[in-house]
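Asks: To convert, count from 1 in the sequence shown and add 42; that's the working numbering.
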Amino acid sequence: MEMILLPVIAILLLITILLIFIFRPKENTESQNLLNKINELNNILTKIETNLKEDFRINRQENATLAKENRSELSSTLKDFSINNSDQLEKLLQQSKNDNIQIREALVSAFRGFQESFEKSVNSFNDLQKEKFAQLEVRQNDLVKNTESKLESIRITVEEKLEKTLSDRLGQSFDTVGKQLIEVQKGLGEMQSLAQDVGGLKKVLSNVKMRGGIGEVQLDMLLEQLLAPDQYQANVKTKEGSNAVVEFAVKLPGRDEENSNVWLPIDAKFPTDVYEHLQSAYDVGDIEQIEIMQKALQSAIKKMAKDICDKYIDPPNTTDFAIMFLPFEGIYAEVVRKASLIEEVQRDCKVIITGPSTLAALLNSLQMGFRTLAIQKRSSEVWKVLGAVKKEFENFGGLMQKAQNNIQTGLNQLDDVIGKRTRAIQRKLTGVEALSEGDTKAILPEALNGSLSDDDE
């Protein structure tokens, strides 16, 4: 209560202070009146405080008395409640014991009945199982016997078929093996002959002259396929005052009639030794040796190109360039890999390096050049033929004009006969009466029949 009283007193003091500030006196009389009023208010507040304290004291006494009475009443009530609960619990326990006894007796009787019925069911099930197992055993024995008999028959059949199939397959296998052995023997013979051929080819390739012969043969085959026989020639002396003979030279038409042919020298080269060493270096993977062999191959190509230039190029008897033919694409690809080598050989030696495929393209372009030059040379003959045709056509036009005049004269004469002469005859016969068809037929039967037949036609 004191905690509640203190805020109330604080509020009253605040109200008092506010009233003082609101009604503060402006004059002395008003101040005196105000002080009187404040004193009265203080007295009133003192009385109120005294009354409040007295009321709070009385309230505390009443609350203490009431709490004491409530505690006494609550203790008596709890005592009565505990007594009643004890009695009810005893009754409930007794009732629960009785119910438990009845439930146990009911469960025992029910369990006994269930046990008896379960035993009866188990016994009947056992009897039924024994009966079923007996039947199953009989059926199983029958099934085993049937299975054994069928398996025996299947075994016999399988053995017979297996024996027959095995004998057939073995016979076929032996035949196949025999044939394959024969083929293997043939293959071994072919391999031996191939080994001999390879050995012979190696001997051929190891001979410089034979290697040149291989390139020459391949070049001859290409030229034979791409050019006509009169467009090239073998073993030609292209340079005046020299006995050097180029393997093949292509005939190119000259620019004037006096020098009718210009030779294009083509020589086959095959630097086998250097190329084989280069391939061996590639197989081993020796970079240093590869570079050495590449430089050696470049030197060999330059030397061969210079040899061709010195021996076979002789303008105006020949073209101002020649062709070096490498018979295998592998060595040609290795040479072409170095573009500066191709340019240097063309610039310094006037030699074009070709392989089988590039030579074919070059010869095809030359063949087109042959055709162009042939057309240019025959153009004058064509003009002469066209002039003769023009003259004959003029003569033909004159003859056609004469024939047309003769035909026109005949047509004019025919018009005169059909028109003028017919009309004159008709005028002369105007007074003559025409006979009937019957009289005419009697007099002129042949003429009438002829006219009818003409009409039918």
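Where is the CB? At the ideal position from N, CA and C, for every residue including glycine.
Does the structure place the region 356 to 370 close enough to the region 318 to 337 that three or more beta carbon pairs sit under 8 Å?
Replies: As far as the Cβ criterion goes, the region 318 to 337 does not touch the region 356 to 370, which means the pair count is below three.
Asks: Assess, as a yes-or-no matter, whether the region 276 to 296 is touched by the region 339 to 359 under the definition of 3 or more beta carbon pairs within less than 8 Å.
Replies: Yes, the region 339 to 359 is in contact with the region 276 to 296.
Asks: With H, G and I counted as helix, E and B as strand and the rest as coil, what does DSSP make of E289?
Replies: Strand, per DSSP.
Asks: Tell me whether the beta-carbon of P307 lies closer than 7 Å to the beta-carbon of A323.
Replies: For P307 and A323, no; Cβs fall outside 7 Å.
Asks: Should the region 262 to 276 be regarded as contacting the region 342 to 353, the criterion being three or more beta carbon pairs within less than 8 Å?
Replies: The region 262 to 276, when compared against the region 342 to 353, does not touch it at the 8 Å Cβ threshold.
Asks: For A310, list the residues DSSP reports as bridge partners.
Replies: In the DSSP output, where bridge partners are listed per residue, A310 has F367.
Asks: Kindly list the residues whose CB is nearer than 7 Å to the CB of V240, restricted to its own chain and excluding five residues on each side of it in sequence; keep chain order.
Replies: Annotation note: pLDDT 49 at V240 (below 50); position unreliable, coordinate value reported separately. Closer than 7 Å at the Cβ level, and outside the excluded window around V240, lies no residue.
Asks: Please state if the CB of G257 and the CB of F312 are separated by a distance shorter than 7 Å.
Replies: Yes, they are a contact pair.
Asks: Quick check: what's the CA-CA separation for L54 versus N105?
Replies: Looking at the two C-alpha atoms, the distance is approximately 27 Å.
Asks: How would you call K219, buried or exposed, if buried means at least 16 neighbouring beta carbons within 10 angstroms?
Replies: It should be noted that the sequence gives Val, not Lys, for residue 219. With fewer than 16 other Cβ atoms within 10 Å, it is exposed.
Asks: Residues in its own chain within less than 8 Å of K125 by CB, not counting five upstream and five downstream?
Replies: It is worth fixing the name first, because residue 125 is Ile in this sequence and not Lys. Same-chain partners within the cutoff: there are none.
Asks: Could you compute how far the alpha carbon of T199 sits from the alpha carbon of D184?
Replies: When rounded, the distance between both Cα atoms is 22 Å.
Asks: What are the boundary residues of the beta strand (DSSP E) that includes Q275?
Replies: Where Q275 is concerned, the enclosing beta strand (DSSP E) stretches over 274 to 278.
Asks: Using only CA atoms, which one of L116, T361, D325, Y317 lies nearest to A342?
Replies: The candidate whose alpha carbon is nearest that of A342 is Y317.
Asks: Here's the rule: buried if 16 or more other CB atoms are within 10 angstroms of the residue's CB, otherwise exposed. What is I395?
Replies: The residue is buried, with at least 16 neighbouring Cβ atoms inside 10 Å.
Asks: The beta strand (DSSP E) that contains I334, what's its start and end?
Replies: Run containing I334: none in the beta strand (DSSP E); it sits in the alpha helix (DSSP H), 329 to 354.
Asks: Please identify the residue among N78, L83, F175, L261 whose C-alpha is closest to the C-alpha of T58.
Replies: Of the candidates N78, L83, F175, L261, the one whose C-alpha sits nearest the C-alpha of T58 is L83.
Asks: Can you tell me where the alpha helix (DSSP H) holding L9 begins and where it ends?
Replies: Shown here, the chain extends from 43 to 499; a query on residue 9 therefore has no answer.
Asks: Please report the Cβ distance between D272 and V288, rounded to the nearest whole angstrom; I am assuming they are in contact, meaning their Cβ atoms lie under 8 Å.
Replies: Contact flag wrong, Cβ pair sits at about 18 Å.
Asks: On the three-state DSSP scale, how would you describe N359?
Replies: Residue state, collapsed to three classes: coil.
Asks: Note down, in chain order, each residue of its chain lying with its Cβ closer than 7 Å to the Cβ of N81, except the 5 sequence neighbours on either side.
Replies: Correct list: empty, nothing qualifies.
Asks: When DSSP builds the beta bridges, which residues end up paired with V200?
Replies: DSSP, once it has assigned bridges, lists no residue as partnering V200.
Asks: Ignoring anything shorter than 4 residues, give me the alpha helix (DSSP H) runs that lie fully in the region 76 to 100, in order along the chain.
Replies: DSSP runs (the alpha helix (DSSP H)) wholly in the region 76 to 100: none.
Asks: So, for N249: in the same chain, excluding its five sequence neighbours on each side, which residues have a beta-carbon less than 6 Å away from its beta-carbon?
Replies: Below a pLDDT of 50, predicted positions are generally treated as unreliable, and N249, at 48, falls in that range; the measurement from the model is reported next regardless. Nothing listed; no residue qualifies.
Asks: Helix, strand or coil: how does DSSP classify L294 here?
Replies: Looking at L294 - three-state DSSP - the assignment turns out to be strand.
Asks: If we call anything under 7 Å between Cβ atoms a contact, is C391 one with K426?
Replies: Contact: no.
Asks: With 16 as the cutoff for other CB atoms within 10 Å, does Q171 come out buried or exposed?
Replies: Q171 should be labelled exposed.
Asks: So if DSSP puts V304 in a beta bridge, which residue, or which two residues, is it bridged to?
Replies: Bridge partners of V304: L294.
Asks: Go ahead and label V304 buried or exposed: buried means 16 or more other beta carbons lie within 10 angstroms of its beta carbon, across all protein chains shown.
Replies: It is buried - the Cβ of V304 has at least 16 other Cβ atoms within 10 Å.
Asks: Can you name the residues that DSSP bridges to I394?
Replies: DSSP, once it has assigned bridges, lists I365 as partnering I394.
Asks: Straight-line CA distance for Q130 to D141?
Replies: For Q130 and D141, the distance between alpha carbons rounds to 16 Å.
Asks: Would V259 be called buried (16 or more neighbouring beta carbons within 10 Å of its own) or exposed?
Replies: Looking at its Cβ environment, which holds fewer than 16 other Cβ atoms inside 10 Å, V259 is exposed.
Asks: Just to check my reading of the structure: E371 and S407 have Cβ atoms closer than 8 Å, yes? What is that Cβ distance to the nearest angstrom?
Replies: With 8 Å as the limit, E371 and S407 do not qualify as a contact, their Cβ atoms being about 20 Å apart.
Asks: With a Cβ-Cβ cutoff of 7 Å, do L405 and L268 count as a contact?
Replies: Yes, these two residues count as a Cβ contact at 7 Å.
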